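Asks:
Residue numbers (the working numbering): 150 to 680.
Next comes the structure, spelled out in structure tokens:
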């Protein structure tokens, strides 16, 4: 079974690009025939992520593009932002096999959708950044220099519409590509790595164009504020600062300390994100920044917090996929010790808040001796990893065949489960971290936890069903911990308001802020146990 189907069955989140991926920083100018500048675009690409900025002469507001992909689930997400960072005009296109949807970034509601050909790629008007991505695909996947021709269906986010088209690429000689689509007709020179070095042709309306590559240093000079804007909002009664945590082996984790104004010292918590390599905000899609929300809300109630980029993400070094829960718990313990030593922090009033896998890491850290006085476990699993994977596989298989004839569904489900089990075994062999996760039983750590713990769970969680909260609480109590369970109605695994809980619908939810009651429950618990 292809790994992308395994990802769909396991409900795995899209991971952020690893720090070890090659960083590509480029800048180009589009010129008219008289040498007049039509526009300038600069971008950085890392793994499957692209952040680009376009400016036009006389234009006050830049246009920013953010592209993220999950190649295993064959999902792409393109966000367009017009105006200053945090500006009001946003739109987002999401593409999955056979369908593309457009949603308003302001109101968060779907506004259009189109059936799409298989393999459709997301593009934006006059974006050389997104075109370059497709040229790399033509080289790496289509072997363009051997076959001579390559094409892909495309979906262009144009205004408030999704436009279906085809991008055709033809190799000429050994260093030139002819690019043809409704957007432009270009003859481009490329270097040995397949990067555009210049060229020319015509735009969508027949306008003559010349492509000029600018110095790469112009592409990454601090303009990408939307990639890591961790500053406190203007006028907020708290401050933020960058923190580096040495975790051994020459690896340092980068993060943000959020410190309330007012008399110190303050109680403080370490915030841990869920599965997959994530940034310090736990941001797996536009507008979803759960750890940032928690950090700001806790600061408003007088509680400091530290949140970190996972290994291999953002400001953090190292490699995430190969790490075990125990090793991640060691990272958390080191971070907690550093937090305790920071000015303004009450070292006797520390806690850990962890979501999903982060909850496992939090429990393991405390079981191993981390000096936290309390835990908040969000959507924490109670079952061994292999059992949880099997549960997710069955849910994913059932979801995939729900539109099939009822009498065929059982056989289809079993066929999918057989194939996904083989894929799990292959992934287990290839990935040290996944292999360790399959064998990890959270109950072993829970038995050794002695501090009060709140288990907060959405009752529409289909990734870690809500019944596991009570199971885990029972184990914690048997070990001597004071454990409380709070269930939140119509809340999914991401703690978003959601009546179905189906991960396939996460990207189409109208509101990506934490659901009502989530923050209040966390604040109540911490205020009572970290006075």
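In this text, a Cβ means the ideal position worked out from N, Cα and C, and glycines have one as well.
For clarity, every value in this text was computed on a predicted model and none was experimentally measured.
Using the Cβ count rule (16 or more neighbours within 10 Å means buried), how would you classify residue 642?
Replies: With 16 or more Cβ atoms within 10 Å of its Cβ, residue 642 is classed as buried.
Asks: Is it true that the CB of residue 175 sits closer than 8 Å to the CB of residue 365?
Replies: Going by C-beta atoms, residue 365 is nearer than 8 Å to residue 175.
Asks: Find out if the Cβ-Cβ distance for the pair residue 354, residue 663 is shorter than 8 Å.
Replies: Not a contact, by the Cβ cut-off of 8 Å.
Asks: Have a look at residue 584 and residue 456 and give me their C-alpha separation to the nearest angstrom.
Replies: Rounded to the nearest angstrom, the two C-alpha atoms are 26 Å apart.
Asks: By how many angstroms is the C-alpha of residue 275 removed from the C-alpha of residue 239?
Replies: Taking the straight line from one Cα to the other gives about 18 Å.
Asks: Along the beta strand (DSSP E) that carries residue 635, what are the first and last residues, could you check?
Replies: Unbroken beta strand (DSSP E) run through residue 635: 632 to 637.
Asks: For residue 647, count the other beta carbons within 10 Å of its own beta carbon; 16 or more makes it buried, fewer makes it exposed. Which is it?
Replies: Classification for residue 647: buried.
Asks: By alpha-carbon positions, which one of 265, 247, 186 and 305 ends up nearest to residue 214?
Replies: Of the candidates 265, 247, 186 and 305, the one whose C-alpha sits nearest the C-alpha of residue 214 is 305.
Asks: Taking 8 Å as the threshold (C-beta atoms), are residue 493 and residue 413 in contact?
Replies: Yes, Cβ-Cβ distance for residue 413 and residue 493 is below 8 Å.
Asks: Kindly indicate the opening and closing residues of the alpha helix (DSSP H) around residue 283.
Replies: Residue 283 -> alpha helix (DSSP H) spans 277 to 289.
Asks: Return helix, strand or coil for residue 573, following the three-state DSSP convention.
Replies: Because residue 573 carries a pLDDT of 47, less than 50, the predicted location of this residue cannot be relied on, and no value is offered for it.
Asks: To the nearest angstrom, report how far apart residue 284 and residue 321 are at their CA atoms.
Replies: The straight-line gap from Cα to Cα measures roughly 14 Å.
Asks: What three-state label does DSSP hand residue 509 in the structure shown?
Replies: If DSSP states are grouped into helix, strand and coil, residue 509 belongs with the helices.
Asks: How big is the Cα-Cα spacing for residue 300 and residue 269?
Replies: In a straight line, the C-alpha of residue 300 is about 10 Å away from that of residue 269.
Asks: For the beta strand (DSSP E) that residue 417 lies in, which residues bound it at each end?
Replies: Residue 417 -> beta strand (DSSP E) spans 415 to 421.
Asks: Work out the CA separation of residue 502 and residue 399 for me, nearest whole Å.
Replies: Residue 399 and residue 502: Cα-Cα distance of roughly 26 Å.
Asks: Taking buried to mean at least 16 other C-beta atoms within 10 Å of its own C-beta, is residue 679 buried or exposed?
Replies: It counts as buried.
Asks: Around the C-beta of residue 186, are 16 or more other C-beta atoms found within 10 angstroms, so that it is buried, or is it exposed?
Replies: Under this definition residue 186 is an exposed residue.
Asks: Measure the Cβ-Cβ separation of residue 261 and residue 251 and say whether it is below 8 Å.
Replies: Yes, the pair counts as a contact, with Cβ atoms nearer than the cut-off.
Asks: Go ahead and pull the three-state DSSP assignment for residue 678.
Replies: Residue 678: helix per DSSP, three-state reduction.
Asks: Cα separation between residue 630 and residue 216?
Replies: Taking the straight line from one Cα to the other gives about 44 Å.
Asks: Quick test of your reading: residue 672 and residue 440, contact by CB under 8 Å. State the CB separation rounded to the nearest angstrom.
Replies: Not a contact, Cβ separation roughly 14 Å.
Asks: For the stretch 312 to 376, list the beta strand (DSSP E) runs that are entirely contained and at least 3 residues long, ordered along the chain.
Replies: You should have 325 to 329, 334 to 339, 345 to 351 and 357 to 362.
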